[in-house]
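> Dumping the structure here so I can ask a few things about it.
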Amino acid sequence: MAKENINSDLLISTILSGIEDVKGKEISILDLREIENTVCDYFIVCEGTSNTQVNAIVNAVQKKVSKELKDKPWHIEGQDNAEWVLMDYVNVVVHVFQKHIREYYDIESLWGDAKTTLIETNY
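In structure tokens:
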């Protein structure tokens, strides 16, 4: 169990680094471990300003995780229109939104019982 948490923590920090490399905005981590019947342990949610930036965030996360951890997502959904891209790393699921789509689906409110951590950025 401890090894899994270390791997999740390392995966999360690598994903955050990839998001920050291309200036992803409004980054938050939702800890779902205390909620029953969840599909994963963590959601990482962020947004880009355009479909180009959303794709850049997804690509940066993929490259960084692949290079540093030799891991790849189990599944990616939504890259065609790049309004909401979901990257499934099994225990960690990354949601990359455009701002208006994030506001519409309001995923943070849907998972309101989750412990939420906002990530401060310097850009």
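The numbering of the sequence shown is UniProt numbering, which starts it at 1 and goes up by one. Where a beta carbon is used, it is the ideal one built from N, C-alpha and C, also for glycine. All figures in this text were calculated on a predicted structure; none of them were measured in a lab.
Report the residue from Val65, Asp88, Val54 and Ser66 whose alpha carbon sits nearest the alpha carbon of Glu26.
Answer by Cα proximity: Val54.
> Once the 5 residues before and after Val90 are set aside, which same chain residues still bring their CB inside 6 Å of it?
Here the set comprises Trp74.
> Whole alpha helix (DSSP H) runs in the region 32-119 with 4 or more residues, listed along the chain?
Fully enclosed alpha helix (DSSP H) runs of 4 or longer: 51-69, 99-105 and 107-110.
> Compare the C-alpha of Ser8 against each of Thr49, Ile29, Glu103 and Arg102 and name the closest.
It is Ile29 whose Cα lies nearest to the Cα of Ser8.
> Please report the Cβ distance between Gly48 and Gln98, rounded to the nearest whole angstrom; I am assuming they are in contact, meaning their Cβ atoms lie under 8 Å.
That belief holds up - the Cβ atoms of Gly48 and Gln98 are roughly 6 Å apart, short of 8 Å.
> Please say whether Ile15 and Ile44 have beta carbons closer to each other than 9 Å?
Yes, they are a contact pair.
> Assuming Val92 contacts Asp41 (C-beta within less than 8 Å), just tell me the rounded distance between them.
At roughly 7 Å, the Cβ-Cβ gap stays under 8 Å, so Val92 and Asp41 are in contact.
> If you count every other CB in all the chains shown that lies within 10 Å of the CB of His95, and 16 or more means buried, which is it?
Buried.
> Going by DSSP, name the residue or residues bridged to Leu30.
Paired residue(s): Phe43 and Thr116.
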